[in-house]
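Asks:
Protein chains: 2
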Amino acid sequence: MKDQEITQVIRSWEGQNKAITDIFTKYDDDYYFNEVAPGRNRAIYLLGHLVAMNDLMLPMLDLGEQLYPELENIFITQPDRAVGEIPSIGTLKEYWTKLNEVLAGHFGALSGAAWLGRHTRVSEEDFQKETLRNKLNVLIGRIGHMNYHRGQLIFLTPKA
Amino acid sequence: MKDQEITQVIRSWEGQNKAITDIFTKYDDDYYFNEVAPGRNRAIYLLGHLVAMNDLMLPMLDLGEQLYPELENIFITQPDRAVGEIPSIGTLKEYWTKLNEVLAGHFGALSGAAWLGRHTRVSEEDFQKETLRNKLNVLIGRIGHMNYHRGQLIFLTPKA
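Residue numbers (the working numbering), protein chains in the order written: chain A, 1 to 160; chain B, 1001 to 1160.
Laid out in structure tokens, this is it:
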């Protein structure tokens, strides 16, 4: 059992996943090598970045290991173009789909008490002082992060 | 009384307000006449758009009338540059601050039951079928909207 509010946040997460998926199924693979704005990240980097950041929810929410730990260096630690060999758009899209399925399974199974419990990056001691630093907060943050980069990815749309 | 989850969503909203405020207190007023990317919206338009969209929460959440109804045509209905005379950055920043104060006051006072009640754009009949179309959902959507445009506004930052 969990409060309805948690279900609403999970719905919001699902909505963002779908919106990002829509962007990355709209054009040919080559198109995602475009920068979202001159001198800014390429779309392919942002997809890798979103996979890598959402993948980190698995350990942060105590749900297991990252599925694709090799992405962390390429798409979080390093900026775009710093690493020469990166996975293809096709591979990243597969990872994105698979990760969303795995996370959705966990999210459906997590109890309300678990969502309101501490995430693994905050100590038991700090959590006593700041009880909002819970698993739900991690999810709220990741939804915001997806929205943030979606606002950039929308610039791939050719100008009217 | 309200569930802790609602408090967390309100905190997330406050965090976005602060992050947007930080962007609009960083540069001289003139700087916000820059487009966030070539051919895209100017920053001043996005600030007006954020005020106008958040202002609509007042009627949607049944908290009263919009404070600045005149912004709706300029910054929602019409695209950037369609209206010749628009409020100054200074005025829009005042509106932004005032609106956030008014909304924060209401948000603190709203009960948990009110947050989970229908918003004014959904009929009683439709709400019975889709009970997640509540006031909290409006707030979650607006937080996402702020993040989305913040991802664009960050492109004002000069390139390294």
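A virtual CB, placed ideally from N, CA and C, is assigned to each residue, including glycine. Keep in mind the model is a prediction, meaning the values are calculated, not measured.
Val9 of chain A and Leu139 of chain A - do their beta-carbons sit closer together than 8 Å?
Replies: By 1-based counting over the first sequence, the position of residue 139 of chain A is 139. By 1-based counting over the first sequence, the position of residue 9 of chain A is 9. Result yes, Cβ atoms of Leu139 of chain A and Val9 of chain A sit closer than 8 Å.
Asks: Measure from the alpha carbon of Lys1002 of chain B to the alpha carbon of each residue in B:Ser1012, B:Asp1126, B:Leu1110 and B:Ser1123, then state which is nearest.
Replies: As a working mapping, residue 1002 of chain B is identified with position 2 in the second sequence. Per the Cα distances, B:Leu1110.
Asks: Does the distance from the CB of His119 of chain A to the CB of Asn134 of chain A come in under 8 Å?
Replies: Sequence index remark: in the first sequence, residue 119 of chain A carries index 119 (1-based). Sequence index remark: in the first sequence, residue 134 of chain A carries index 134 (1-based). Yes, these two residues count as a Cβ contact at 8 Å.
Asks: Whole angstroms are fine: how far does the CA of Glu1130 of chain B sit from the CA of Asn73 of chain A?
Replies: Numbered from its first residue, the first sequence carries residue 73 of chain A at position 73. Numbered from its first residue, the second sequence carries residue 1130 of chain B at position 130. If I take the Cα positions, the gap works out to 42 Å.
Asks: Can the beta-carbon of Ala37 of chain A be found less than 8 Å from the beta-carbon of Ala1037 of chain B?
Replies: Here residue 37 of chain A corresponds to residue number 37 of the first sequence, with the count starting at 1. Here residue 1037 of chain B corresponds to residue number 37 of the second sequence, with the count starting at 1. In contact: Ala37 of chain A and Ala1037 of chain B (Cβ atoms closer than 8 Å).
Asks: Less than 8 Å between the beta carbons of Glu1005 of chain B and Ile6 of chain A, yes or no?
Replies: Working through the second sequence from its first residue, we reach residue 1005 of chain B at position 5. Working through the first sequence from its first residue, we reach residue 6 of chain A at position 6. Result yes, Cβ atoms of Glu1005 of chain B and Ile6 of chain A sit closer than 8 Å.
Asks: Are Tyr68 of chain A and Asp55 of chain A closer than 8 Å when you measure CB to CB?
Replies: Counting from 1 along the first sequence, the entry for residue 68 of chain A is found at position 68. Counting from 1 along the first sequence, the entry for residue 55 of chain A is found at position 55. Against a cut-off of 8 Å, the Cβ pair of Asp55 of chain A and Tyr68 of chain A comes out as a contact.
Asks: When you compare each of A:Gly112, A:Glu125 and A:Asp28 to Ile89 of chain A by their alpha carbons, which one comes out closest?
Replies: Translated into the one-based positions of the first sequence, residue 89 of chain A becomes position 89. Closest by alpha carbon: A:Asp28.
Asks: According to the Cβ coordinates, are Phe1155 of chain B and Arg42 of chain A closer than 8 Å?
Replies: Start at 1 with the first residue of the second sequence, and residue 1155 of chain B comes out as number 155. Start at 1 with the first residue of the first sequence, and residue 42 of chain A comes out as number 42. Taking 8 Å as the Cβ cut-off, Phe1155 of chain B and Arg42 of chain A do not qualify as a contacting pair.
Asks: If you measure from the beta carbon of Phe1155 of chain B to each beta carbon in chain A, is any gap under 8 Å?
Replies: Here residue 1155 of chain B refers to the residue found at position 155 of the second sequence. At least one chain A Cβ lies under 8 Å of Phe1155 of chain B.
Asks: Let me check understanding here. Comparing Cα to Cα, which of A:Tyr45, A:Asp62, A:Pro158 and A:Leu92 lies closest to Ala82 of chain A?
Replies: Translated into the one-based positions of the first sequence, residue 82 of chain A becomes position 82. Here the closest residue by C-alpha is A:Tyr45.
Asks: Residues in the same chain with beta-carbon distance under 7 Å from Ser1012 of chain B, minus the five sequence neighbours each way, listed in chain order, please.
Replies: Within the second sequence, numbered from 1, the residue matching residue 1012 of chain B stands at position 12. Cβ within range, chain order: Ile1143.
Asks: For Leu1047 of chain B, decide whether its Cβ has a neighbour in chain A, counting only Cβ atoms nearer than 8 Å.
Replies: Position 47 of the second sequence holds residue 1047 of chain B. With 8 Å as the cut-off, Leu1047 of chain B does not count as an interface residue toward chain A.
Asks: Smallest Cα separation from Gly105 of chain A: which of A:Phe33, A:Leu58, A:Phe24 and A:Gly48?
Replies: Translated into positions along the first sequence, residue 105 of chain A becomes position 105. Nearest of A:Phe33, A:Leu58, A:Phe24 and A:Gly48 to Gly105 of chain A, Cα basis: A:Leu58.
Asks: Check whether the Cβ of Asn54 of chain A lies closer than 7 Å to any heavy atom of the ligand ADP, and answer yes or no.
Replies: In the structure on display, the ligand ADP does not appear, and there are no ligands present to speak of.
Asks: Rounding to the nearest angstrom, what Cα-Cα distance links Thr25 of chain A and Phe107 of chain A in this structure?
Replies: Here residue 25 of chain A refers to the residue found at position 25 when the first sequence is read from its first residue. Here residue 107 of chain A refers to the residue found at position 107 when the first sequence is read from its first residue. Distance between the alpha carbons of Thr25 of chain A and Phe107 of chain A: 25 Å.
Asks: Along chain B, which residues have their Cβ under 9 Å away from the Cβ of Arg40 of chain A?
Replies: Numbered from its first residue, the first sequence carries residue 40 of chain A at position 40. For Arg40 of chain A, the residues of chain B that pass the 9 Å Cβ criterion are Ala1037, Phe1155 and Lys1159, in the order they occur in the chain.
Asks: Whole angstroms is fine: what's the gap from Asn1147 of chain B's alpha carbon to Gly141 of chain A's?
Replies: In the second sequence, counting from the first residue as 1, residue 1147 of chain B sits at position 147. In the first sequence, counting from the first residue as 1, residue 141 of chain A sits at position 141. Straight-line Cα distance between these residues: approximately 10 Å.
Asks: Indicate whether at least one CB of chain B lies closer than 8 Å to the CB of His149 of chain A.
Replies: Taking the first residue of the first sequence as position 1, residue 149 of chain A is located at position 149. At least one chain B Cβ lies under 8 Å of His149 of chain A.
Asks: Give me the DSSP bridge partner(s) of Arg1133 of chain B.
Replies: Within the second sequence, numbered from 1, the residue matching residue 1133 of chain B stands at position 133. According to DSSP, Arg1133 of chain B bridges with nothing at all.
Asks: Rounding to the nearest angstrom, what Cα-Cα distance links Asp1126 of chain B and Gly151 of chain A in this structure?
Replies: Within the second sequence, residue 1126 of chain B is the residue found at index 126, counting from 1. Within the first sequence, residue 151 of chain A is the residue found at index 151, counting from 1. Using only the alpha carbons, I get a separation of about 30 Å.
Asks: Within the 8 Å Cβ cut-off, does Val9 of chain A reach chain B?
Replies: On the first sequence, residue 9 of chain A is found 9 positions in, with the first residue counted as 1. By this cut-off, Val9 of chain A is an interface position.
Asks: Taking all protein chains shown into account, do 16 or more other C-beta atoms lie within 10 angstroms of the C-beta of Phe1075 of chain B, making it buried, or fewer, making it exposed?
Replies: Within the second sequence, the letter at position 75 stands for residue 1075 of chain B. Burial call: buried.
Asks: Any chance you could list the beta strand (DSSP E) runs of at least 3 consecutive residues sitting entirely within the stretch 51-91 of chain A, in chain order?
Replies: none
Asks: Just tell me which of A:Gly64, A:Ile23 and A:Glu65 has its CA closest to the CA of Leu47 of chain A.
Replies: One-based indexing of the first sequence puts residue 47 of chain A at position 47. If we check each option's Cα against that of Leu47 of chain A, A:Ile23 comes out closest.
Asks: Quick one: measure Cβ to Cβ for Met1060 of chain B and His1145 of chain B, integer angstroms, because I've assumed they're closer than 8 Å.
Replies: In the second sequence, counting from the first residue as 1, residue 1060 of chain B sits at position 60. In the second sequence, counting from the first residue as 1, residue 1145 of chain B sits at position 145. The Cβ separation is near 13 Å, so there is no contact.
Asks: What are the boundary residues of the alpha helix (DSSP H) that Ile6 of chain A is part of?
Replies: In the first sequence, residue 6 of chain A corresponds to position 6, counting from 1. Residues Gln4 to Ile23.
Asks: When you compare each of B:Tyr1032, B:Leu1153, B:Leu1136 and B:Gly1084 to Leu1092 of chain B by their alpha carbons, which one comes out closest?
Replies: Numbered from 1 along the second sequence, position 92 holds the residue referred to as residue 1092 of chain B. Of the candidates B:Tyr1032, B:Leu1153, B:Leu1136 and B:Gly1084, the one whose C-alpha sits nearest the C-alpha of Leu1092 of chain B is B:Tyr1032.
Asks: Run through DSSP, which three-state label would Arg150 of chain A get?
Replies: As a first step, residue 150 of chain A must be located in the first sequence, where it is residue number 150. In the structure shown, Arg150 of chain A sits in a helix (DSSP, three-state: H, G or I).
Asks: Have a look at B:Ile1086, B:Gly1015 and B:Asp1030 and flag the residue whose alpha-carbon is nearest the alpha-carbon of His1049 of chain B.
Replies: Along the second sequence, read from residue 1 onward, the residue named residue 1049 of chain B stands at position 49. Comparing Cα positions, the closest option is B:Ile1086.
Asks: First and last residue of the alpha helix (DSSP H) that includes Gly112 of chain A?
Replies: Counted from its first residue, the first sequence places residue 112 of chain A at position 112. Gly112 of chain A -> alpha helix (DSSP H) spans Gly112 to Trp115.
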